[in-house]
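Going by our numbering, the first residue of the sequence shown is number 1, and it counts up by one from there.
For glycine and all other residues, C-beta sits at the position ideal for the given N, C-alpha and C.
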Amino acid sequence: MATPIHCTVVTPNAISLEEKATYVSFEAWDGQVGVMPGASPFLTKLGTGVLTVTSATGSTVQLLTDGGFAQMQGDNLTLLADSTVDISSIDAKQAAAMLVDANQKAIAPGATSAAARESIQRAQRVAQAKVNAAGKRAGQRA
Numbered sequence: 001m002a003t004p005i006h007c008t009v010v011t012p013n014a015i016s017l018e019e020k021a022t023y024v025s026f027e028a029w030d031g032q033v034g035v036m037p038g039a040s041p042f043l044t045k046l047g048t049g050v051l052t053v054t055s056a057t058g059s060t061v062q063l064l065t066d067g068g069f070a071q072m073q074g075d076n077l078t079l080l081a082d083s084t085v086d087i088s089s090i091d092a093k094q095a096a097a098m099l100v101d102a103n104q105k106a107i108a109p110g111a112t113s114a115a116a117r118e119s120i121q122r123a124q125r126v127a128q129a130k131v132n133a134a135g136k137r138a139g140q141r142a
């Protein structure tokens, strides 16, 4: 068996996760990335989505990440995330309400500056990712 990946997830406030893993998947800026032991080195920008870490013991941890960078070097995978949320703490109704609110702001007059549009689009991405994560979690319980 290959040596597990040492996966570390760091935010500006804390270390969110430190785990020996056999498989890690996350949302990059250009799509989903899967990493197994022996992966080639890379550096990529993180997107907004679910990070899934399958530990060497077989347990799975899922976090919602929003922005940052991921680097694979040797058997070390480091994700420097702008923010993380444990998907088990996401309330589906609250996430859906956040999405409705963000979508309403997107069509409201006045959001014409680039910074305002970027802020609204980020709120939409995060809310949509939370809705998706809550739905995925509900599907796993069924």
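For residue j and residue i, the rounded distance between their alpha carbons
i, j, result
"LEU77", "GLU19", "10 Å"
"LEU80", "ALA108", "33 Å"
"ASP30", "SER16", "23 Å"
"ASP82", "ALA14", "11 Å"
"ALA115", "LEU63", "27 Å"
"VAL50", "ALA106", "24 Å"
"SER55", "VAL61", "8 Å"
"ILE5", "SER59", "14 Å"
"ASP75", "MET36", "9 Å"
Residue i and residue j closer than 9 Å at C-beta
i, j, result
"VAL131", "THR65", "no"
"THR48", "ARG125", "yes"
"GLY34", "ALA2", "no"
"ALA97", "ALA123", "no"
Within 8 Å, do at least three Cβ pairs link the segment 16-29 to the segment 89-102?
Segments in contact, no.
Between the segment 63-79 and the segment 39-49, can you find at least three pairs of beta-carbon atoms closer than 8 Å?
The segment 39-49, when compared against the segment 63-79, does touch it at the 8 Å Cβ threshold.
Uninterrupted beta strand (DSSP E) stretches inside the segment 28-88 (no shorter than 3 residues)
Correct list: 31-35, 42-45, 48-55, 60-66, 68-73, 76-81, 84-86.
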